[in-house]
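Protein sequences, first through last, are from chains A and B. Counting the first sequence from 1 gives a position; the numbering used here is that position plus 72. Counting the second sequence from 1 gives a position; the numbering used here is that position plus 246. Note that the Cβ used here is the ideal one computed from N, Cα and C, for glycine as well. The structure presented is a predicted model; accordingly, all values stated were derived computationally and were not measured. Notes to accompany the following structure.
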Amino acid sequence: MLSPQEFVTDLFNPALSFLPKALFVALMSSAVCGVIGCYVVLRGMAFIGDAVAHAVFPGLAVAFVVQGNLVLGGAVAGVLTAVAVAVFSQNRRLREDSVIGVFFVAAFALGIVIISRSPGYAGSLQQFLFGSITGIPDEDLYVVAISSAALLVLTFLLHKEFVAVTLDRESARALGLPVFALDLALYIMVSVAIVISVQTIGNILVLALLVTPAATARLLTDRLGVMMLLAPLIGGFSALTGVYLSWSLDLPTGGTIVLAATALFLLAWTFAPRHGLLSRLWQLRRAAVHVHHAGHPR
Amino acid sequence: MTALSVQGLNVVLGGRLVLQDVDLKLEAGDFMGLIGPNGAGKTTLLRSALGLVRRSSGTIEVAGAPISKMRQRVGYVPQRHEFAWDFPINVADAVLSGRVRRVGWVRRAGVADYRAVNEALARVGMTALRDRPVGQLSGGQRQRVLVARALALRPSVLLLDEPFTGLDVPTQELLTDLFTELSQEGQAVLMTTHDLAAAMHTCGTLCLVNRTVVATGTPDALRDAELWRTAFGIRPGSPLLAALGVS
Numbered sequence: 073m074l075s076p077q078e079f080v081t082d083l084f085n086p087a088l089s090f091l092p093k094a095l096f097v098a099l100m101s102s103a104v105c106g107v108i109g110c111y112v113v114l115r116g117m118a119f120i121g122d123a124v125a126h127a128v129f130p131g132l133a134v135a136f137v138v139q140g141n142l143v144l145g146g147a148v149a150g151v152l153t154a155v156a157v158a159v160f161s162q163n164r165r166l167r168e169d170s171v172i173g174v175f176f177v178a179a180f181a182l183g184i185v186i187i188s189r190s191p192g193y194a195g196s197l198q199q200f201l202f203g204s205i206t207g208i209p210d211e212d213l214y215v216v217a218i219s220s221a222a223l224l225v226l227t228f229l230l231h232k233e234f235v236a237v238t239l240d241r242e243s244a245r246a247l248g249l250p251v252f253a254l255d256l257a258l259y260i261m262v263s264v265a266i267v268i269s270v271q272t273i274g275n276i277l278v279l280a281l282l283v284t285p286a287a288t289a290r291l292l293t294d295r296l297g298v299m300m301l302l303a304p305l306i307g308g309f310s311a312l313t314g315v316y317l318s319w320s321l322d323l324p325t326g327g328t329i330v331l332a333a334t335a336l337f338l339l340a341w342t343f344a345p346r347h348g349l350l351s352r353l354w355q356l357r358r359a360a361v362h363v364h365h366a367g368h369p370r
Numbered sequence: 247m248t249a250l251s252v253q254g255l256n257v258v259l260g261g262r263l264v265l266q267d268v269d270l271k272l273e274a275g276d277f278m279g280l281i282g283p284n285g286a287g288k289t290t291l292l293r294s295a296l297g298l299v300r301r302s303s304g305t306i307e308v309a310g311a312p313i314s315k316m317r318q319r320v321g322y323v324p325q326r327h328e329f330a331w332d333f334p335i336n337v338a339d340a341v342l343s344g345r346v347r348r349v350g351w352v353r354r355a356g357v358a359d360y361r362a363v364n365e366a367l368a369r370v371g372m373t374a375l376r377d378r379p380v381g382q383l384s385g386g387q388r389q390r391v392l393v394a395r396a397l398a399l400r401p402s403v404l405l406l407d408e409p410f411t412g413l414d415v416p417t418q419e420l421l422t423d424l425f426t427e428l429s430q431e432g433q434a435v436l437m438t439t440h441d442l443a444a445a446m447h448t449c450g451t452l453c454l455v456n457r458t459v460v461a462t463g464t465p466d467a468l469r470d471a472e473l474w475r476t477a478f479g480i481r482p483g484s485p486l487l488a489a490l491g492v493s
């Protein structure tokens with residue numbers, strides 16, 4: 073296994089120029105997913121995240137077949153699916169989760185059919201599904217950097233409206249907030265965050281970047297501001313650890329990043345103050361001791 | 247001055263006529279209880295008054311202007327389960343969220359907003375708990391947060407959906423006193439409630455609803471048992487009528 077110093081040396085080795093690029097994309101995307109994932113976790117829309125994640129696939133496939141820009145193709149498909157879900161779930165006869173179930177599998181199926189028409193299909197399919205740290209073109213670095221910055225700025229600008237809608241949709245409507253438009257904006261932001269992450273982590277695992285760091289952060293704090301700072305830090309740390317381990321042990325990048333994030337989640341679940349397992353057990357024990365003393369007056 | 251006026255309101259939900267030809271007028275300073283059996287359309291009427299329900303016909307006006315233009319003048323207190331209590335936010339910020347439109351897009355809350363929040367918290371007696379996460383509050387404290395959130399807008403009309411459900415008596419009394427005070431200060435207060443006896447006792451005006459307005463008036467003017475039988479389908483000689491002091 074490589075030591076961290078050797079890893080840093082490799083990062084600056086011009087012959088391995090794909091490595092810093094991959095690390096950059098992984099760090100940016102996990103940080104952005106961490107921030108936006110806070111809304112996903114707090115609104116209980118992990119399933120929508122999953123849907124959008126699968127739905128970007130046909131867009132990536134089309135972009136791959138016509139040799140277009142992958143990020144753009146994925147974003148278009150993700151956004152279209154998000155809009156379809158938002159529109160179709162206005163029909164009250166079907167619950168939103170059923171609508172999502174219909175569309176995201178359909179989109180994924182479409183992606184598989186499209187990509188099967190292109191030569192070299194098996195290899196590229198694997199790359200889409202599981203991610204890869206090689207072959208990130210320079211132009212994608214700019215796309216990732218600019219879209220990440222745009223997403224963070226949008227999050228900052230729309231934050232109080234997103235919070236109001238998440239707290240209470242009816243009252244948000246009564247106040248005159250455009251709830252549907254805000255939902256759509258959030259879905260679109262989730263799609264873009266997913267698309268920029270698909271490169272390194274892969275289509276199947278990308279949901280973990282959106283949900284796991286934010287869920288970990290939620291366990292650690294009762295304050296939204298802190299949560300939205302912790303989640304990208306946790307995501308970024310997972311990405312760094314994941315890329316390092318995957319490079320030095322020759323493991324698949326996406327899987328390693330997700331496992332690193334999951335390990336942090338389990339640590340938080342066990343040791344978190346107030347909400348963690350140990351802390352809850354400790355509180356129970358203290359309460360029991362208290363009852364015991366109260367029951368036996370001296 | 248007419249604070250809230252509903253005229254000729256018809257609402258169809260799922261192909262069923264839920265509200266028919268509803269007329270309702272609330273003057274500034276009124277404290278009106280909206281009562282009726284389950285499924286009578288109380289909540290639908292309240293939501294229509296907020297402009298949240300598609301109307302087949304009818305107009306909703308606040309201080310003489312259509313509701314769509316007057317949303318910032320109307321405070322809404324939904325039923326407690328409408329709010330995401332597991333959200334990581336403290337009491338003061340939850341109350342501030344009621345002013346999100348007043349603050350405006352892309353802007354941050356200013357001195358006036360925090361002043362309104364402090365004032366609203368003081369009115370409901372929650373100042374001491376302003377920094378507590380909302381998830382740690384009791385049912386009564388939660389209801390007070392929702393009322394404070396509506397008051398933070400300094401509305402001229404306050405609409406409350408079942409504000410007393412599941413609350414202990416001290417909290418009910420605290421809120422009743424508050425609503426009475428607000429109406430004395432000139433706000434128009436309209437609340438739906440299941441607690442008929444309390445409504446008879448505290449509300450200045452009652453509105454009996456069963457898909458349409460069966461009767462409106464002061465509790466004293468509504469002592470005709472026939473009205474209650476029509477609105478609620480209560481049997482003649484029901485102990486409820488005696489409890490309400492209706493004969």
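- residue 271/A: buried (16+ other C-beta within 10 angstroms of its C-beta) or exposed? buried
- Going by C-alpha distance, which of 363/A, 305/A, 288/A and 320/A is nearest residue 337/A? 288/A
- Query: Using 9 Å as the limit for Cβ to Cβ distance, is residue 238/A near chain B?
  - Reply: yes
- Message: Let me check understanding here. Comparing Cα to Cα, which of 347/A, 263/A and 317/A lies closest to residue 290/A?
- Response: 347/A
- Message: Can you check whether the C-beta of residue 351/A is within less than 9 Å of a C-beta belonging to chain B?
- Response: no
- Measure from the alpha carbon of residue 333/B to the alpha carbon of each residue in 297/B, 383/B and 293/B, then state which is nearest. 383/B
- Item | Candidates 366/B, 269/B, 344/B and 275/B: closest to residue 307/B by CA position | 269/B
- residue 256/B: which of 279/B, 284/B and 291/B sits nearest, CA to CA? 291/B
- Between residue 283/B and the rest of its own chain, which residues show a CB-CB distance below 6 Å, the 5 nearest in sequence each way excluded? 478
- Task: Assess, as a yes-or-no matter, whether the region 208-223 of chain A is touched by the region 305-323 of chain B under the definition of 3 or more beta carbon pairs within less than 8 Å.
- Result: no
- Go ahead and label residue 354/A buried or exposed: buried means 16 or more other beta carbons lie within 10 angstroms of its beta carbon, across all protein chains shown. exposed
- Task: Return the CA-CA distance between residue 370/A and residue 359/A, expressed in angstroms with no decimal places.
- Result: Residue placement at residue 370/A cannot be trusted, given a pLDDT of 47 that sits under 50; what the coordinates show is reported in the next sentence. Whole-angstrom Cα-Cα distance: 19 Å.
- Message: Please report whether the beta-carbon of residue 241/A lies at a distance below 9 Å from any beta-carbon of chain D.
- Response: Reference to chain D is not applicable here, since the protein chains of this structure are A and B.
- Message: Suppose the cutoff is 8 Å on Cβ atoms and the five residues either side in sequence are ignored; what does the same chain contact list for residue 483/B look like?
- Response: none
- Task: State the start and end residues of the unbroken beta strand (DSSP E) segment that holds residue 273/B.
- Result: 262-273
- Indicate whether the contact test is met: 3 or more Cβ pairs, each with one atom in the region 176-194 of chain A and one in the region 300-312 of chain A, closer than 8 Å. no
- Task: Taking 9 Å as the cut-off, decide whether the C-beta atoms of residue 136/A and residue 200/A are in contact.
- Result: yes
- Task: Specify, as a first and last residue, the run of the alpha helix (DSSP H) that residue 82/A falls within.
- Result: 76-83
- As assigned by DSSP and simplified to three states, the class of residue 407/B: strand
- Please check if any C-beta of chain A sits within less than 9 Å of the C-beta of residue 402/B. no
- Under 9 Å Cβ-Cβ, which residues of chain B neighbour residue 294/A? 334, 335, 336, 379, 381 and 382
- Task: Could you spell out where the alpha helix (DSSP H) holding residue 262/A opens and where it closes?
- Result: 251-273
- Item | Whole-angstrom distance between residue 475/B and residue 427/B, CA atom to CA atom | 32 Å
- Message: Tell me which residues share the same chain as residue 473/B and place their Cβ nearer than 7 Å to its Cβ, disregarding the 5 neighbours each side in the sequence.
- Response: 454, 460 and 461
- Message: Tell me the DSSP secondary structure of residue 253/B in three-state form.
- Response: strand
- Would you check if the region 370-381 of chain B and the region 405-412 of chain B touch, i.e. whether three or more CB-CB distances between them fall below 8 Å? no
- Reduced DSSP category for residue 293/A - H, G, I as helix; E, B as strand; rest coil: coil
- Task: Report the three-state DSSP secondary structure of residue 351/A (helix, strand or coil).
- Result: helix
- Message: Using C-beta distances below 6 Å, list every residue in its chain close to residue 74/A, excluding the 5 sequence neighbours before and after it, in chain order.
- Response: 320
- Item | Beta-carbon proximity check, residue 172/A vs residue 120/A, cutoff 9 Å | yes
- Task: Please check if any C-beta of chain B sits within less than 9 Å of the C-beta of residue 355/A.
- Result: no
- Message: So the candidates are 489/B, 405/B, 324/B and 251/B; which of them puts its Cα closest to the Cα of residue 242/A?
- Response: 324/B
- Compare the C-beta of residue 412/A against all C-beta atoms of chain B and say whether one is closer than 9 Å. Because residue 412/A is not part of the residues shown, which for chain A are 73 to 370, the question remains open.
- Item | DSSP state of residue 259/B mapped onto helix, strand, coil | strand
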